[in-house]
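In this note's numbering, the protein residues as written are 3 to 940.
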Amino acid sequence: MSSPRMALRWRHFGQGVALSQLLFLLCTWQLQAQIHAPDLPANGLPFDFYSRGPYRSDLPRPSDFFGYDTGDFLTTFALYESLLREYQSHSDRLRVFTIGKTPEHRSQYLLAISSPSNLARLDEIKEQLGSLTDPRKLKAGPALDQLIQKLPIVVWLSYSIHGSESAAFEAGIQVLYQLLASNDPALREALDHAVVLINPCQNPDGHERFATWYNAQGSGQPEQYAYEHHEPWSITGRLNHNFFDLNRDLISLSQPESKAATRAFLEWHPQVLADHHGQTKEYFFPPPAVPINPNLPERTTIKWLEIFGKSNAGAFDRYAWPYFVRQMFDLFYPGYWDSWSSLHGATGMTYETDGGGPLGYRWRRADGTLLTLRDGIAKHVTASLATVTAAAANREARLRDYREFFESTFKELKRKFYLVPGKGTQSTAELVSLLMMQGIEVSRTNGDVQLLKASDYFGNAPGEKTIPAGSFVIDTAQPYGRMATALLETETPEDSDFLKRQETLRKANEAKGTEEAKQDYEFYDVTAWSLPLAMGVEAYFTDEPVRADVSAVSAASQTVAFDAAKNGSKDPEASHVGPGVAYAFEPSSLEAMRMAIQLLRRGYRLDTSKDPFHAGNKDMPRGTFILWAERNPTNLPEVLSELSEKNGVPVQSIHSSFPDSNRRGIGSETDFFLKAPKVAILAGDPVEQTSYGLLRFLLEQKCGLEVIPVSLENLTRDVLDQINVLILPDGQASQYKKALEENQIGDLRDWVGNGGVLICIGGASEFAADPDTKLTPSRIVGSDEKSDASTEKLPAEARQKPDHAASEKKESTNHKPIEIPGSIVKAKVNRDHFLTIGYDSDILPLFVQGDVFFKPSETGGNALTFAGEKLRLSGFFWEGNTEQLLRDSSALIDEPLESGNVILFSFQPGFRMIWTSTIRLLLNAIVYGPSQPQKSDD
Ligand SMILES: [Zn+2]
3 MSSPRMALRW RHFGQGVALS QLLFLLCTWQ LQAQIHAPDL PANGLPFDFY
53 SRGPYRSDLP RPSDFFGYDT GDFLTTFALY ESLLREYQSH SDRLRVFTIG
103 KTPEHRSQYL LAISSPSNLA RLDEIKEQLG SLTDPRKLKA GPALDQLIQK
153 LPIVVWLSYS IHGSESAAFE AGIQVLYQLL ASNDPALREA LDHAVVLINP
203 CQNPDGHERF ATWYNAQGSG QPEQYAYEHH EPWSITGRLN HNFFDLNRDL
253 ISLSQPESKA ATRAFLEWHP QVLADHHGQT KEYFFPPPAV PINPNLPERT
303 TIKWLEIFGK SNAGAFDRYA WPYFVRQMFD LFYPGYWDSW SSLHGATGMT
353 YETDGGGPLG YRWRRADGTL LTLRDGIAKH VTASLATVTA AAANREARLR
403 DYREFFESTF KELKRKFYLV PGKGTQSTAE LVSLLMMQGI EVSRTNGDVQ
453 LLKASDYFGN APGEKTIPAG SFVIDTAQPY GRMATALLET ETPEDSDFLK
503 RQETLRKANE AKGTEEAKQD YEFYDVTAWS LPLAMGVEAY FTDEPVRADV
553 SAVSAASQTV AFDAAKNGSK DPEASHVGPG VAYAFEPSSL EAMRMAIQLL
603 RRGYRLDTSK DPFHAGNKDM PRGTFILWAE RNPTNLPEVL SELSEKNGVP
653 VQSIHSSFPD SNRRGIGSET DFFLKAPKVA ILAGDPVEQT SYGLLRFLLE
703 QKCGLEVIPV SLENLTRDVL DQINVLILPD GQASQYKKAL EENQIGDLRD
753 WVGNGGVLIC IGGASEFAAD PDTKLTPSRI VGSDEKSDAS TEKLPAEARQ
803 KPDHAASEKK ESTNHKPIEI PGSIVKAKVN RDHFLTIGYD SDILPLFVQG
853 DVFFKPSETG GNALTFAGEK LRLSGFFWEG NTEQLLRDSS ALIDEPLESG
903 NVILFSFQPG FRMIWTSTIR LLLNAIVYGP SQPQKSDD
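Have a look at this one:
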């Protein structure tokens, strides 16, 4: 295969290359133009991938099999699979397991590599390692000691979770070859003591998108402005098929790739995990940055991160390769692979290499030297193999500390979490199911439980509480109790020195001039994720012993619990819908919303009630869906029976419109007809890819709604006329402003005026609140009052007084929110607004991130506001800034514009599929929005 870099060969003959090498390279080029030499580092020392010989001759080298040298071309997943089949049929050190399928039907593999004798007893090894995690089953004593003496250590190496980080994928191929083919005594001995599990590509769909694009476009141009370094929006190989970042998905396990890999992890019980990435300027390996999740046992966690870090350091120093440790990549958020695996007992590590990915085959650094994909691969291969040999060399000590992780969990953890099904039965069942996927044991109470000192999630003083029978209890004295705590606790405290340092940085930034460059804060990701708050589950916790009879919840019994939770039954009789003049079902769950969407899509006519009413011996809440027999096809009862059973949503048959009490009945002049939503979502720049991916995933796959992605250039007046809902996902407000031309904004305004519903998320809401767009009168907190349209409403004398304007400006710049990394905040629910239909509580915890807060709308509705004392429930707030500026701001605004609405979400509903309690708000906007009564022709 011809080299894509041929034309550029001359550029990298640096001054450090010896004349003989130059002549050699020149000759090779003239004689064999098809084979080209590797780009050499400035010091002229090339990395030799095949220096760990002797090699077995029956296994082809990747370069021979593929027809190109490592780093000269990106290997597609399909080609990789053919190499894997070749190795599988010829190697006695390899077992290949298919652990799942991706959304694009690619196989997910887990490769087990070890000595033939270890491979012959893999099931036994798995089972014995599993017994180490449970001191209830295997107590300390000679049997345990014997096991630790003979068990191999399990090392999990995963590559390319971010599919565009190409060096990681290529490195995985090399590591596989080295482990299978090298007869280097050190490697062979390591395989006697270790089972290496390779997840060769955690994100095959994203990898294939990127590799195919880059192979077509990449020519090795090192200039940073070259097209090949700027991956198009629609490629974004970092993300999986659904445009999810898989290295943030391990809390919600929403993606099939995450489910498959974590299931395999829990089956194998690895002691070491290294997750290979590629997006830094220099190589990174642990020890990581602070904060470290405090649910981890600090001393042993750090001890092992240092041991593996130093082992990598030794290997890198031999090549004089620069690297960094203890910066940027922390171990705090439990949804990355390193922290997730650490909370499950492994030494979990992130490795970041420098070459490849968006830097392509070749990249010119600022100092003029060249960084190549090959360099990036070489470093990952070196780190991977150093990790395997270090693990094998420390096998027994690491296994002892692995066991100690679980023993200390049982000894130290006293907390119990109680989940009460209550009204949020559905979300409780979902949370229980998620905890079980995380390997966490859950029990169910058989009777009421009296707690003396139960704490809730809203900061109230602990007190007595009766937990009703049928609630779920998670006792953290269990193997994965640390993970359970990390997911369920209200707040995970951050390192106090780390927090002090952020305050110091803030003071330094505040002392700087307005135009002076500010220092970045060191938060790497969000600071709060408490699942009961995010999923809307009533929960309590206490350290009291469980004084109640409980039964373990198994996967099977949990399914039963889940079905019961759906208020329905698998019994078709129970969901049979008899004849009536009308049918009604409550909008009380996501399932009910999904059922309404299914009916609308099939062309059935649905009304909805603006107010509560009484019919069929039942109180029905506002937003109830009503289907009149007279206005629908005669098969309506059958269709309702079918959908009621499928969704677990009970349907009331109403036999007369005349109410059976003295309250209003099903008929009402205030009810209105629901238009079927025809929804488009903006795709392409300036949209933020993960927001777009999340919105499509939750609407299409979770709610059964059809959504049409449209790019800005195709969003014409004609297209707008065909839809009634348009979603603008999160994105930078300034980019939105740049991308949307004035006439396009005018078209949007006209379309909303004619009845369209424009739903804006995050940065798109900030864009819609920009006075220049004239989309809404909403404004953000701390926006320049002078250019604010509301200033125009000031009395004339106030506008004329320069002093007033100046002091107001100063005031407003002093009161700009400082960006927060992501916290949980208490919002007040306006239960008269259509956007909050289905919410029973006056309080809704919300996930708040960034520095854009919205002033309450004076013209429209404020469906959610941050009102009251102590808004912060969990996560980081800036003292004297966040709480004060959030207070009385609005989180969800509905700005009516003539016959339509502009709906501003200040936050991302459904964030990372962790925040399932907020999905409902978005569905309300879509299902009820286009039919709001202000649009009727009165
Ligand atoms: Zn990455």
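Built from N, CA and C at the ideal position, the CB exists for glycine as well.
Just so you know, these numbers come straight off a predicted model, no measurement behind them.
As the crow flies, the alpha-carbon of LEU742 is around 20 Å from that of ILE782. Partner residues in a beta bridge of PHE699, as assigned by DSSP, do not exist. As computed with DSSP, TRP306 is found in no beta bridge at all.
Fewer than three pairs of CB atoms, one per stretch, sit closer than 8 Å, so the stretch 131 to 145 makes no contact with the stretch 173 to 188. Taking a C-beta distance under 7 Å as the contact criterion, ILE895 and GLY870 do not qualify as a contact pair.
Taking C-beta separations shorter than 7 Å and ignoring five residues to either side along the sequence, the partners of PRO470 in its chain run VAL422 and ASP450, following chain order. For the stretch 436 to 505, the continuous beta strand (DSSP E) assignments of 3+ residues that do not extend past its boundaries occur at 445 to 447, 451 to 456, 465 to 469 and 474 to 477, in sequence order. Annotation: HIS616 to ASP662 spans about 8 Å, alpha carbon to alpha carbon. The beta carbon of HIS278 sits no closer than 6 Å to any heavy atom of ligand 1. By the Cβ criterion, the stretch 672 to 687 is in contact with the stretch 585 to 604, since at least three pairs of Cβ atoms, one from each stretch, lie closer than 8 Å. The stretch 584 to 591 makes no contact with the stretch 535 to 552: fewer than 3 CB pairs, one atom from each, lie closer than 8 Å.
Secondary structure of ASP723 (DSSP, three-state): helix. In the three-state DSSP reduction, TRP215 falls in the helix class (H, G or I). Where GLY824 is concerned, the enclosing beta strand (DSSP E) starts and stops at 822 to 831. With respect to the 7 Å criterion, LEU645 and MET595 are not classified as neighbours on the basis of their beta carbons.
By the CB criterion at 7 Å, LEU252 and GLY337 fall inside the cutoff. HIS195 carries a helical assignment under DSSP once its states are collapsed to helix, strand and coil. Relative to the non-hydrogen atoms of ligand 1, the Cβ of GLN281 comes within a distance shorter than 6 Å of at least one. Assigned with DSSP and collapsed to three states, GLY350 falls in strand. In the DSSP assignment, GLU406 falls outside any beta strand (DSSP E) and lies within the alpha helix (DSSP H) extending over 397 to 414. Under the DSSP assignment, ASP147 falls in the alpha helix (DSSP H) whose first and last residues are 144 to 152. Just so you know, the alpha carbons of GLU768 and GLY706 end up roughly 29 Å apart. Placement of the Cβ of HIS382 at a distance of 6 Å or more from every heavy atom of ligand 1 is found. Secondary structure note for PHE836: it is in no beta strand (DSSP E), with a DSSP letter that is neither H nor E. Just so you know, the alpha carbons of VAL689 and HIS209 end up roughly 21 Å apart. Judged by the Cβ position, GLU284 fails to qualify as a neighbour of ligand 1 at the 6 Å threshold, every heavy atom of the ligand being at least this far.
Beta-bridge pairing by DSSP links PRO711 to ILE683. Around the beta-carbon of HIS232, fewer than 16 other beta-carbon atoms lie within 10 Å, marking it exposed. Contiguous alpha helix (DSSP H) elements confined to the stretch 865 to 890 occur at 884 to 888, taking only those with 4 or more residues. In terms of Cβ geometry, HIS278 and TYR161 form a close pair [threshold 7 Å]. Residue burial annotation: GLN257 is buried, with at least 16 other C-beta atoms found within 10 angstroms of its C-beta.
Just so you know, the alpha carbons of ALA557 and LYS261 end up roughly 15 Å apart. For PHE615, the enclosing beta strand (DSSP E) starts and ends at 615 to 617. In this structure, the alpha-carbon of PRO898 lies about 31 Å from that of PRO823.
Judged by DSSP in its simplified three-state form, THR100 adopts strand.
Scanning its chain for C-beta atoms nearer than 7 Å, with the 5 sequence neighbours on each side dropped, one finds around VAL98 the residues LEU86, GLN90, TYR111 and LEU113, in chain order.
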